[in-house]
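**Student:** One structure is given below, represented as structure tokens, and several questions about it will come after.
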Amino acid sequence: MSEPFPLTPIAMLREGVAGFRREPVLLLAGGVLTFAILAATQIPAQMLLDDGRQVAAIVVHLLGAVLAGTAAYPWFTYALDAARQEPGSFAKPFQAPDRFFAQFVAAFWFWAAVLLGARYLAGLPAILATVFYAFYGYVIVDKKTYGGMRALGTSVRLGDKRRIALFAILALFAVFNFMAAVPLGFGLNPLSVVAATALLLVSTSITMVAGAALYDTLKVNLPDG
Numbered sequence: 400m401s402e403p404f405p406l407t408p409i410a411m412l413r414e415g416v417a418g419f420r421r422e423p424v425l426l427l428a429g430g431v432l433t434f435a436i437l438a439a440t441q442i443p444a445q446m447l448l449d450d451g452r453q454v455a456a457i458v459v460h461l462l463g464a465v466l467a468g469t470a471a472y473p474w475f476t477y478a479l480d481a482a483r484q485e486p487g488s489f490a491k492p493f494q495a496p497d498r499f500f501a502q503f504v505a506a507f508w509f510w511a512a513v514l515l516g517a518r519y520l521a522g523l524p525a526i527l528a529t530v531f532y533a534f535y536g537y538v539i540v541d542k543k544t545y546g547g548m549r550a551l552g553t554s555v556r557l558g559d560k561r562r563i564a565l566f567a568i569l570a571l572f573a574v575f576n577f578m579a580a581v582p583l584g585f586g587l588n589p590l591s592v593v594a595a596t597a598l599l600l601v602s603t604s605i606t607m608v609a610g611a612a613l614y615d616t617l618k619v620n621l622p623d624g
């Protein structure tokens, strides 16, 4: 059975924009770190794929996604602070280095499920993995004693009885971020790539804060929320 979300997409977007306006520098810095690692690994993966080395390409693609997902821990931290209107600090995520390991474990299983799931049953397993595990980064930031696997389990519990609504919201925000690629419609050139990347950094930062606001709304219903 599905239950309505206690936070509408419009309210989430409003929270995301407000949070971004509070901490634009930290949020963009977290996004740049994540995007840079992803780009640095996905270019070699694509070259391997073009050479017909599919297995090697999948391994490099997965490695890049996991490393980028691990590096996203500061981004999750800044997003949660911005959503809660708490003062942000660039150094805060690095004061608890053990959280990066928890993020690595969760990111590995998350991206393994997404990337492998994308190859079967028309990508349905990848969609399910995203819906079930969408909140793991916020859980790791928020729960000081949680490891990566437990964070994934908590994410599943957060979306209990709300899978359809959660899927709809994820789809809406995917469209919102896809719109950042509009400059590429004017041709693939350095200016359009830079413009699209800048817009994507802003839009994904907004959705990160929106996701943090939703996380805080849903976690109150958990026994240990």
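400 is the number of the first residue of the sequence shown in our numbering; add one for each residue after it.
Think of the CB as a built atom: it goes at the ideal place given N, C-alpha and C, for glycine as much as any other residue.
The model shown is predicted, which means the values in this text are computed figures rather than measured ones.
1. Any heavy atom of the ligand MN within a distance shorter than 7 angstroms of the CB on tyrosine 477?
2. Would you be able to state if there are at least three C-beta pairs under 8 angstroms between the region 424-443 and the region 463-477?
3. Check each candidate in Arg483, Ala612, Lys491, Asp450 and name the one with the smallest Cα separation from leucine 557.
4. Nearest to glutamate 422 by CA position, among Tyr477, Gln453, Leu406, Ala464, is which residue?
5. With respect to the alpha helix (DSSP H) encompassing threonine 503, which residues constitute its N-terminal and C-terminal limits?
6. Thinking C-alpha only, which one of Tyr614, Lys491, Arg483, Gly463 is nearest alanine 506?
7. Using three-state DSSP, classify valine 530 as helix, strand or coil.
8. Could you tell me how far apart the beta carbons of alanine 482 and glycine 418 are, in whole angstroms, since I believe they sit closer than 8 angstroms?
9. Looking at C-alpha atoms only, which residue of Phe500, Val581, Val540, Ala525 is the closest neighbour of leucine 569?
10. Just how far apart, CA to CA, sit glutamine 453 and proline 405?
11. Assign isoleucine 442 to one of two classes, buried (16 or more other C-beta atoms within 10 Å of its C-beta) or exposed (fewer than that).
12. Could you tell me the alpha carbon to alpha carbon distance between aspartate 480 and threonine 596, rounded to whole angstroms?
13. Among the candidates Lys618, Ala550, Val530, Ser604, whose CA atom is the shortest distance from the CA of glutamate 414?
14. Span of the alpha helix (DSSP H) holding lysine 542?
15. Would you give the residue range spanned by the alpha helix (DSSP H) that glycine 415 belongs to?
16. State yes or no: is the C-beta of valine 540 within less than 8 angstroms of the C-beta of serine 554?
17. Alpha helix (DSSP H) containing phenylalanine 466: first to last residue?
18. What separation, rounded to the nearest whole angstrom, lies between the Cα atoms of serine 602 and proline 408?
19. Quick one: give me the first and last residue of the alpha helix (DSSP H) that proline 405 is part of.
20. Classify aspartate 450 as helix, strand or coil using the three-state DSSP reduction.
**Tutor:** According to the structure data:
1. In the structure shown, the ligand MN is absent, as is every other ligand, since no ligand is present at all.
2. Yes, the region 463-477 touches the region 424-443.
3. Nearest neighbour of leucine 557 by Cα position, chosen from Arg483, Ala612, Lys491, Asp450, turns out to be Ala612.
4. Closest option to glutamate 422, judged by alpha-carbon separation, among Tyr477, Gln453, Leu406, Ala464: Tyr477.
5. Reading off the sequence shown, one finds phenylalanine at residue 503, where the question assumed threonine. Per DSSP, phenylalanine 503 belongs to the alpha helix (DSSP H) from 497-516.
6. If we check each option's Cα against that of alanine 506, Gly463 comes out closest.
7. Residue state, collapsed to three classes: helix.
8. Indeed they touch by this definition, with Cβ atoms about 5 angstroms apart.
9. Ranked by Cα distance from leucine 569, the first of Phe500, Val581, Val540, Ala525 is Ala525.
10. Distance between the alpha carbons of glutamine 453 and proline 405 is about 43 angstroms.
11. By the 16-neighbour rule on beta-carbons within 10 angstroms, isoleucine 442 is exposed.
12. The C-alpha of aspartate 480 lies about 24 angstroms from the C-alpha of threonine 596.
13. The shortest CA-to-CA distance from glutamate 414 to any of Lys618, Ala550, Val530, Ser604 is the one to Ser604.
14. Per DSSP, lysine 542 belongs to no alpha helix (DSSP H) and is neither H nor E.
15. For glycine 415, the uninterrupted alpha helix (DSSP H) segment begins and ends at 408-421.
16. Contact: no.
17. Rather than phenylalanine, the amino acid found at residue 466 in this sequence is leucine. Boundaries of the alpha helix (DSSP H) around leucine 466: 453-470.
18. So the two alpha carbons sit approximately 14 angstroms from each other.
19. Unbroken run through proline 405: none, as it is neither H nor E.
20. DSSP places aspartate 450 in the coil class of the three-state scheme, outside both helix and strand.
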